[in-house]
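**Student:**
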Amino acid sequence: MSVLDRERSVAPRSYNRWLIPPAALAVHLSIGQAYATSVYKNSLVQHFDASQTQIGIIFSIAIVMLGLSAALGGTWVERNGPRKAMLVAAVFWSGGFLVGALGIATSQLWLLYLGYGFLGGIGLGIGYISPVSTLMKWFPDRPGLATGMAIMGFGGGALVASPVSNQLMALYDPAYDSTVPGSVASGGALVGLFATLGLGYLALMMMGVLLIRVPPPGWRPAGYDPAADDRAPVAGSEGVSADNALRTPQFWLLWTVLFTNVTAGIGILEHASPLLQDFFRDASGTSAVTAAAAGGFVGVLSLFNMAGRFVWSSTSDIVGRKPIYSFYLGVGAILYILMATVGGTSTVVFVATAGIIISFYGGGFATVPAYLRDLFGTYEVGAIHGRLLTAWSAAGIAGPLIINAFLDAQGEPGTLTRDAYQAPLFTMVGLLAVGFAANLLIRPVAARFYEPAGKEPAAAPAGAPAQDTPASPVSAPAPAEPASAPAAKSTGPLLVVSWAIVAVLLGYALISVTATASRLFTG
1 MSVLDRERSV APRSYNRWLI PPAALAVHLS IGQAYATSVY KNSLVQHFDA SQTQIGIIFS
61 IAIVMLGLSA ALGGTWVERN GPRKAMLVAA VFWSGGFLVG ALGIATSQLW LLYLGYGFLG
121 GIGLGIGYIS PVSTLMKWFP DRPGLATGMA IMGFGGGALV ASPVSNQLMA LYDPAYDSTV
181 PGSVASGGAL VGLFATLGLG YLALMMMGVL LIRVPPPGWR PAGYDPAADD RAPVAGSEGV
241 SADNALRTPQ FWLLWTVLFT NVTAGIGILE HASPLLQDFF RDASGTSAVT AAAAGGFVGV
301 LSLFNMAGRF VWSSTSDIVG RKPIYSFYLG VGAILYILMA TVGGTSTVVF VATAGIIISF
361 YGGGFATVPA YLRDLFGTYE VGAIHGRLLT AWSAAGIAGP LIINAFLDAQ GEPGTLTRDA
421 YQAPLFTMVG LLAVGFAANL LIRPVAARFY EPAGKEPAAA PAGAPAQDTP ASPVSAPAPA
481 EPASAPAAKS TGPLLVVSWA IVAVLLGYAL ISVTATASRL FTG
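Numbers 1 to 523, taken from my numbering, label the letters of the sequence shown in order.
(1) Between Val27, Arg321 and Gly100, which lies nearest to Ser498 when the distance is taken from Cα to Cα?
(2) When the distance is taken between beta carbons, is Thr147 closer than 9 angstroms to Glu238?
(3) Could you tell me the boundaries of the alpha helix (DSSP H) in which Glu78 lies?
(4) How is Val10 classed by DSSP in three states: helix, strand or coil?
(5) If the criterion is Cβ atoms closer than 9 angstroms, does the pair Thr75 and Glu380 meet it?
(6) Could you give the first and the last residue of the continuous beta strand (DSSP E) run that contains Pro452?
(7) In the DSSP output, which residue or residues are listed as bridge partners for Ser273?
(8) Do you know whose CA, among Thr256, Ala354 and Ile337, lies nearest Ser302's CA?
(9) How would you call Gly127, buried or exposed, if buried means at least 16 neighbouring beta carbons within 10 angstroms?
(10) Suppose you measure from the CA of Gln108 to the CA of Ile501; what does that come to, to the nearest Å?
(11) Hey, how far is the Cα of Ile212 from the Cα of Gly223?
(12) At what residues does the alpha helix (DSSP H) containing Ser183 begin and finish?
(13) What does a CB cutoff of less than 6 angstroms around Pro249 pick up in its chain, not counting 5 residues either side in sequence?
(14) Rounded to a whole number of angstroms, what is the C-alpha to C-alpha distance between Ser549 and Gly198?
(15) Tell me, to the nearest whole angstrom, how far the beta carbon of Ile58 is from that of Leu98; I am working on the premise that it is less than 8 angstroms.
(16) Considering Cα atoms alone, identify which of Leu246, Val349 and Thr367 is closest to Val319.
(17) For the structure I just gave you, are there three or more beta carbon pairs, one from the stretch 155–163 and one from the stretch 30–44, closer than 8 angstroms?
(18) Please classify Gly507 as buried or exposed, where buried requires at least 16 neighbouring CB atoms within 10 angstroms.
(19) Should the stretch 199–208 be regarded as contacting the stretch 14–29, the criterion being three or more beta carbon pairs within less than 8 angstroms?
(20) Reducing DSSP to helix, strand and coil, say where Ser94 ends up.
(21) Tell me the rounded alpha-carbon separation between Ala340 and Gln422.
(22) If you drop the 5 nearest sequence neighbours on each side, which residues of the same chain put their C-beta closer than 6 angstroms to that of Phe436?
(23) Give the range of the alpha helix (DSSP H) segment to which Ala405 is assigned.
(24) Under the assumption that Pro131 contacts Ala24 (Cβ atoms under 8 angstroms), give the Cβ distance between them as a whole number of angstroms.
(25) If we call anything under 9 angstroms between Cβ atoms a contact, is Ala101 one with Gly115?
(26) Let me know if Leu432 comes out buried or exposed under the rule of 16 or more other beta-carbons within 10 Å of its beta-carbon.
(27) Nearest by alpha-carbon distance to Trp18: which of Ser9, Pro221 and Trp93 is it?
(28) Under the assumption that Ser9 contacts Gly382 (Cβ atoms under 8 angstroms), give the Cβ distance between them as a whole number of angstroms.
(29) DSSP state of Ser313, grouped into three classes?
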């Protein structure tokens, strides 16, 4: 297993850095399935003769474990390197599906909690953070672009998994038809679905494990001068450790920024379909928007969510991370005001407003790793990112609670109108204002929190004594080498094949969601 050690994953100086994004995308496209669980939720309810709440707990466990494993395992990821971390994520994520399949086959709901919820949630958290710091080390000149590409895959993963899950259930149960309301798949079809997804995701994530490398010491891309990068760490230092980051006000200000941005976005995402129908419901209780069109609205939001992760994070490389978050939060607050006041006058205005807000939601996730790099350096940025993701877990609880509390006081679902949404939408405006103020207060981290130059994250204990192992490439200093150095010939086919695989998956997601989104305009 020593081949998985961090020092054994140092790339040769001719390694092509453009092999790293498809490695990260392979992982994020897999774990992005977490947001496609609603596809088979009703089938699980019938198979286990359980309530919606009992089945919904599975997803809740997975999200809680995402936050916990990312926060607690972040330092381990940094010390052991991306190859070992991505393999662990693959084993836990795919193993969660296989244990879940066993639970379905034996009608033991607790095994589904243990499998997809607990084990899968660990894989979800470790897999989410494992490529982040490596991407930014390979792309110090464009960290927003690099992390945007990977985290875009998390949004795309759900878009791939939804149609694939429906097709697999129909394959294993010919009586199942996803276009027929109330149609549910058999228990055997669910077992086949979970087993197929588990093995399929294991294969895809292993591609990432095989491709991932860390750059050799001293490597930097052509034309990049760290001394001229005003967003690089303090001169003469490596960065801030995860423990020290928690002692800085910048971490908690950024935690507040992410929490408010995510809470506001979830407010729309969780109620996307009924939100649109309610906004255009008349006094008689009839909505001008059909259920099919509302489903198309969900598709439109998915497109904006995925696109925002790449477009806005890439833009942050040009304008800076602090200005782009001011844009997310400030313009987002204005858009919420517009939605609350004039959003009900036109479906075009409403859909455009909601779409841009959701693009800020996705962009916030993709930009925050680069923001962390600017503030704390790359020393333990993965571990810091993992701890910051607790803001996501908190927002996942707060957002739905805020919306549901207001709506429950207004009446029954299916009878609400746009007036019922005034209070929750203006509450989101207040939250975004808090986030905007927190972002303005962020300043560079004091030099005393930084680690000295040349210090690497502490290595994990090895099986053999240190003196018996040969010198690692990590320990030998090397001169900087431009990215324009010729890549090894063997990486050419890998580059083509790896990018082709992720391009096919993302293209399939785009076609599928576009077909769904078209219902918004065709009814």
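For each residue, glycine too, the CB sits at the ideal point set by N, CA and C. Please read these numbers as outputs of a predicted model, since none were measured by experiment.
**Tutor:** From the atom records:
(1) When the alpha-carbon of Ser498 is set against those of Val27, Arg321 and Gly100, the nearest one is in Val27.
(2) Contact flag unset, no.
(3) Gln52 to Asn80
(4) strand
(5) yes
(6) Tyr450 to Pro452
(7) In the DSSP output, where bridge partners are listed per residue, Ser273 has none listed.
(8) Ala354
(9) Per the 10 Å Cβ criterion, buried.
(10) 36 angstroms
(11) 24 angstroms
(12) Counted as a single uninterrupted DSSP element, the stretch harbouring Ser183 is not any alpha helix (DSSP H), since DSSP gives it neither H nor E.
(13) Once the five neighbours on either side are set aside, Pro249 has no close Cβ partner at all.
(14) Outside the displayed range of the chain (1 to 523) lies residue 549, so it cannot be described from this structure.
(15) Not confirmed; about 15 angstroms, so no contact.
(16) Per the Cα distances, Thr367.
(17) yes
(18) exposed
(19) yes
(20) Correct three-state label for Ser94: helix.
(21) Within the model, the alpha-carbon separation for Ala340 versus Gln422 is close to 6 angstroms.
(22) Leu329 and Gly330
(23) Thr390 to Gln410
(24) For a cut-off of 8 angstroms, the C-beta gap from Pro131 to Ala24 is around 4 angstroms, short enough to register as a contact.
(25) yes
(26) buried
(27) Pro221
(28) The Cβ separation is near 14 angstroms, so there is no contact.
(29) helix
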